[in-house]
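Colleague:
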Amino acid sequence: MIRRAVRMLAVLVLALPGQAVAQAAAQNSGLIQLDQRDALLGWEAVGRVAIAREGYCTGVLVATDLVLTAAHCVYDRKTGDLRDAGKLKFMAGWRDGKSVAERAVSHIAAHSGYIPSAGLSFENIRFDAALLRLEAAIPAATAAPFALHGPLQSGQRVSVVSYGVGRDSALSWQRDCGLLGRRGGIMAFDCDVTFGSSGAPVFVRDGQRARILTLVSAGGGGRDGKKLAYGMELPQVVAEIKRDLRVKGPVRPGTTQVKRIQVGGSNRAGGAKFIKP
250 MIRRAVRMLA VLVLALPGQA VAQAAAQNSG LIQLDQRDAL LGWEAVGRVA IAREGYCTGV
310 LVATDLVLTA AHCVYDRKTG DLRDAGKLKF MAGWRDGKSV AERAVSHIAA HSGYIPSAGL
370 SFENIRFDAA LLRLEAAIPA ATAAPFALHG PLQSGQRVSV VSYGVGRDSA LSWQRDCGLL
430 GRRGGIMAFD CDVTFGSSGA PVFVRDGQRA RILTLVSAGG GGRDGKKLAY GMELPQVVAE
490 IKRDLRVKGP VRPGTTQVKR IQVGGSNRAG GAKFIKP
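Numbering (my numbering), first residue to last: 250 to 526.
1. Let me confirm a value: residue 378 is counted as buried when at least 16 other C-beta atoms fall within 10 Å, else exposed. Which label applies?
2. Tell me which residues share the same chain as residue 374 and place their Cβ nearer than 7 Å to its Cβ, disregarding the 5 neighbours each side in the sequence.
3. Of all the alpha helix (DSSP H) runs that stay within the bounds of the segment 278–354, which reach a length of 4 or more residues?
4. Give me whichever residues DSSP pairs with residue 463 in a beta bridge.
5. Alpha carbon to alpha carbon, what distance is there between residue 447 and residue 518?
6. If the criterion is Cβ atoms closer than 8 Å, does the pair residue 352 and residue 339 meet it?
7. Per DSSP, residue 407 is paired with what?
8. Check whether the Cβ atoms of residue 460 and residue 396 sit closer than 8 Å, and answer yes or no.
9. Return the bridge partner residues of residue 458 from the DSSP annotation.
10. In whole angstroms, what is the alpha-carbon distance linking residue 492 and residue 422?
11. Per DSSP, what kind of secondary structure is residue 419 in: helix, strand or coil?
12. What first and last residue would you give for the alpha helix (DSSP H) that runs through residue 371?
13. Which residue comes first and which comes last in the beta strand (DSSP E) that contains residue 378?
14. Just to confirm the assignment, what range does the beta strand (DSSP E) spanning residue 478 have?
15. Among the candidates 312, 341, 443, whose CA atom is the shortest distance from the CA of residue 415?
16. Mapping DSSP to helix, strand and coil, what is residue 386?
17. Could you check what DSSP says for residue 509 in three-state terms: helix, strand or coil?
18. Within 10 angstroms of the Cβ of residue 290, are there 16 or more other Cβ atoms? Answer buried if so, exposed if not.
19. Taking the C-alpha atoms as reference points, what is the distance between residue 299 and residue 430?
20. If distances are taken between C-alpha atoms only, which option among 363, 342, 350 comes closest to residue 322?
21. Under 8 Å by Cβ, that's how I've got residue 394 and residue 311 pegged, so tell me the actual separation to the nearest angstrom.
What follows is the structure, given as structure tokens:
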């Protein structure tokens with residue numbers, strides 16, 4: 250299954266002319282660490298999804314009480330079960346041990362198409378998204394949520410804001426990277442991601458404010474050793490998660506439906522899945 254997924258993902262990049270990949274890499278402007286308050290301004294809605302005693306991922310507010318992140322972050326790696334919401338916490342704009350706002354998670358909802366037992370697969374990357382409902386909303390004046398953007402065509406320029414191993418004390422902003430290809434609901438980028446970048450939002454500029462194009466699901470090496478990242482086309486995926494939350498409500502953990510759990514009651518990185526297409 251993994252080999253099949255890798256071959257399918259590779260088509261997104263290897264089908265492109267070598268010059269296109271080289272040009273995209275050449276335009277890459279590197280990472281800027283948002284370790285000062287003024288540098289963080291406008292990006293406060295991106296934060297760490299802390300998983301008790303196990304690690305972290307990156308998440309982003311899409312409403313004052315909803316955080317969007319990768320689905321593989323909300324499942325226990327060993328058992329494949331959905332995590333207890335009480336073990337997750339969202340820390341908006343986290344830097345140097347502090348955040349602009351911190352909230353516990355009350356509910357977790359993963360897309361029904363994501364099957365944790367399937368591991369890395371084409372379908373799992375396509376549906377690798379989850380929503381976390383916070384116990385209390387974070388005021389928009391503190392961290393303004395981001396809206397979603399529709400699909401872009403290959404060759405468009407994007408940016409990514411993420412945490413990651415070796416740069417996890419503050420958010421890093423890669424101002425310019427490229428959309429190399431898209432097929433079957435999956436996108437490939439030349440963005441610089443690493444473990445801990447799972448769930449990081451990939452942005453496109455739309456007027457005065459950025460919009461979320463996709464989330465980082467997996468990463469790996471590409472042509473000529475250039476870093477690549479993979480994400481999903483989001484609008485329909487997020488709409489389906491919200492719809493299932495409204496219509497189905499809570500379901501028994503361990504099913505292949507959307508999971509929703511009502512809670513009762515320095516981390517190592519959870520990380521993006523890394524592959525070598």
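Beta carbons: idealized from backbone N, C-alpha and C, even for Gly. In this text, all values refer to a predicted model and were calculated from it rather than measured experimentally.
Modeller: On the basis of the coordinates in this document:
1. buried
2. 435, 466, 467, 479, 481
3. 286–289
4. 451
5. Reliability of the predicted coordinates at residue 518 is poor, the pLDDT of 48 falling under 50, and the value obtained from them is presented with this limitation in mind. Going by the C-alpha atoms only, they are around 9 Å apart.
6. yes
7. 426
8. yes
9. 455
10. 32 Å
11. coil
12. 371–375
13. It is not in any beta strand (DSSP E) - residue 378 carries neither H nor E in the DSSP assignment.
14. 476–481
15. 443
16. coil
17. Unreliable positioning characterises residue 509 in this predicted model, as indicated by a pLDDT of 36, which lies under 50. The coordinate reading is nonetheless provided below. Strand, per DSSP.
18. exposed
19. 31 Å
20. 363
21. 5 Å
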